[in-house]
Amino acid sequence: MKPGIHPAYGPVVFRDRAADYAFLTRSTMTSDRTIDWEDGNTYPVVDVEISNVSHPFYTGTARVLDTAGRVERFERRYGRRGAV
190 MKPGIHPAYG PVVFRDRAAD YAFLTRSTMT SDRTIDWEDG NTYPVVDVEI SNVSHPFYTG
250 TARVLDTAGR VERFERRYGR RGAV
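Offset between the sequence shown (1-based) and our numbering: plus 189.
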């Protein structure tokens, strides 16, 4: 890799405010805010809106859309394509 063209890559805490969950990982993201982590060190913290702890797909609260019923309703309302 060429020196001086890549962003700094280091430890960052991502915090999901909706689920009150945080995890430490490595990233190129930066932040002015910091957090004291469980290991006694201070890391930059990035707040995220959603993570695997609060996302409906991962929590099992995802709704399955009735796509067949929606298509049939659309065809009833507007007619089939090509039927002129």
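The C-beta atom is built at its ideal place from N, Cα and C for all residues, glycine as well.
Beta carbon of residue i nearer than 8 angstroms to that of residue j
i	j	result
Tyr198	Arg215	yes
Tyr267	Ser240	no
Met218	Val202	no
Cα-Cα separation between residue i and residue j, rounded to whole angstroms
i	j	result
Arg204	Pro233	10 angstroms
His213	Arg269	The residue you asked about is not His; residue 213 is Leu in the sequence shown. Taking the straight line from one Cα to the other gives about 52 angstroms.
Arg206	Val242	10 angstroms
Extent of the continuous beta strand (DSSP E) to which residue i belongs
i	result
Arg216	For clarity, residue 216 is Ser in the given sequence; the question names Arg instead. First-last of the beta strand (DSSP E) with Ser216: 210-216.
Asp206	Note that residue 206 is Arg in the sequence shown, not Asp. From DSSP, Arg206 is part of no beta strand (DSSP E); its letter is neither H nor E.
Ile224	223-225
Pro233	231-237
The segment 258-270 touching the segment 223-240, judged by at least three CB pairs closer than 8 angstroms: no
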